[in-house]
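First comes the structure, then the notes that go with it.
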Amino acid sequence: MQTHIFHAESDKDIVSFIKDLGHSMAMHGFIIHNEDKMEMVHHFGHHGVQLASSFDLRMIQVCAPKRAAESLVRNLERAVLMPKFITVFTLDGKTQVRLLRLGEELIAGLVDDNDFPAQNSAICRSLITAIEAAL
101 MQTHIFHAES DKDIVSFIKD LGHSMAMHGF IIHNEDKMEM VHHFGHHGVQ LASSFDLRMI
161 QVCAPKRAAE SLVRNLERAV LMPKFITVFT LDGKTQVRLL RLGEELIAGL VDDNDFPAQN
221 SAICRSLITA IEAAL
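Heads up: the sequence shown begins at 101 in the numbering used here, then just goes up one per residue.
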């Protein structure tokens, strides 16, 4: 798998999509880790940066706690590559969904760990399956 950005689009509004995404993620062993801080307009506002209330970018951090803990016990060097963010925003009246997928070759070059590139790729496939179920 090469490094690329997964793109998807939904006719659902952002709030409905994220609710469905939460259910879908749970069915695949993931949790939404930052549910109270995913709305970037509020996050930026908390730091004194004012944006229009229509700025609806959400940065959704997802985690599979059991799998993450088991992975990190094997090699703490994996930690820098493990956080997964699903970016959600509205464009032309549609909910847009993005996920950065790091390629196995890139990961192999960054972390000396023969098993991790394939494991990370499998996690990304699970995330995409969960995203697609929520669309």
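We put the beta carbon where it would ideally sit given N, CA and C, even for glycine.
Using the Cβ count rule (16 or more neighbours within 10 Å means buried), how would you classify residue i?
i, result
"M127", "exposed"
"K194", "exposed"
Please report the straight-line C-alpha distance between residue i and residue j, rounded to a whole angstrom.
i, j, result
"I231", "V197", "8 Å"
"D213", "N175", "8 Å"
"H107", "F155", "20 Å"
"M138", "C163", "14 Å"
"F117", "N134", "16 Å"
"R167", "V149", "36 Å"
"H104", "A152", "30 Å"
"N220", "L227", "11 Å"
Indicate the three-state DSSP secondary structure (helix, strand or coil) for residue i in the structure shown.
i, result
"Q102", "coil"
"K112", "coil"
"L191", "strand"
Say the cut is 7 Å; is the CB of residue i nearer than that to a heavy atom of the ligand COA?
i, result
"R178", "In the structure shown, the ligand COA is absent, as is every other ligand, since no ligand is present at all."
- Say whether the region 152-161 touches the region 179-198, bearing in mind that this needs 3 or more beta-carbon pairs closer than 8 Å, one atom from each stretch. yes
- Item | Whole alpha helix (DSSP H) elements within the region 127-172, 4-residue minimum | 140-146
- Message: Pairs of beta-carbons, one from the region 142-156 and one from the region 177-186, closer than 8 Å: are there three or more?
- Response: no
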